[in-house]
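Here is the structure we will look at, set down as structure tokens.
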Amino acid sequence: MNKEEKRDCLKECSKACIDNEVKCFFDECPYWIKFEEDNNCDLVSIQKHGNLTLRQVGERMGVSYVRIKQIEQCAIKKIRDKNLHKTLKD
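Under our numbering, think of the first position of the sequence shown as 33, with each following residue one higher.
Put into structure tokens, the structure is as follows:
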């Protein structure tokens with residue numbers, strides 16, 4: 033996927049931030065993070081950097097990478113439990 037195709041996948045507000053080289057100040061947006069390097073936007077961060085390490089995610093979210101790991105483990109457990117429940121139900 034080239035740069036233009038990646039840009040087309042973003043939401044309109046993220047595109048505007050990139051095009052105008054401004055930081056998003058709409059902190060009610062579900063993609064907003066307090067990380068000005070990436071225009072305060074998760075979507076911009078993903079577009080610029082691709083996959084992030086737990087430490088990078090923690091920096092952007094303002095928590096430790098250990099906390100991000102805990103959240104990740106909890107999410108994986110929920111997904112597995114839901115899939116197991118669905119399998120048993122079928």
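Note that beta-carbon positions come from the ideal geometry of N, C-alpha and C, so glycine has one too. None of these values were measured; they are calculated from a predicted model.
In whole angstroms, what separates the C-alpha of residue i from that of residue j?
i              : j                : result
aspartate 70   : lysine 118       : 39 angstroms
aspartate 59   : aspartate 113    : 33 angstroms
glutamine 102  : valine 89        : 13 angstroms
cysteine 106   : lysine 80        : 27 angstroms
proline 84     : glutamate 44     : Here residue 84 turns out to be leucine, not proline, going by the sequence shown. Using only the alpha carbons, I get a separation of about 23 angstroms.
isoleucine 108 : serine 46        : 28 angstroms
tyrosine 63    : glycine 82       : 15 angstroms
valine 98      : glutamate 104    : 10 angstroms
aspartate 74   : phenylalanine 57 : 13 angstroms
Quick check on the burial criterion: 16 or more other C-beta atoms within 10 angstroms. Buried or exposed for residue i?
i              : result
asparagine 52  : exposed
asparagine 115 : exposed
lysine 110     : exposed
isoleucine 100 : buried
valine 95      : exposed
valine 76      : buried
Check the C-beta distance from residue i over to residue j and give it rounded, since I have them as a contact under 8 angstroms.
i                : j             : result
phenylalanine 67 : arginine 87   : The Cβ separation is near 13 angstroms, so there is no contact.
lysine 55        : cysteine 49   : 7 angstroms
isoleucine 65    : asparagine 72 : 6 angstroms
On the DSSP bridge list, what partners appear for residue i?
i           : result
cysteine 73 : Trp64
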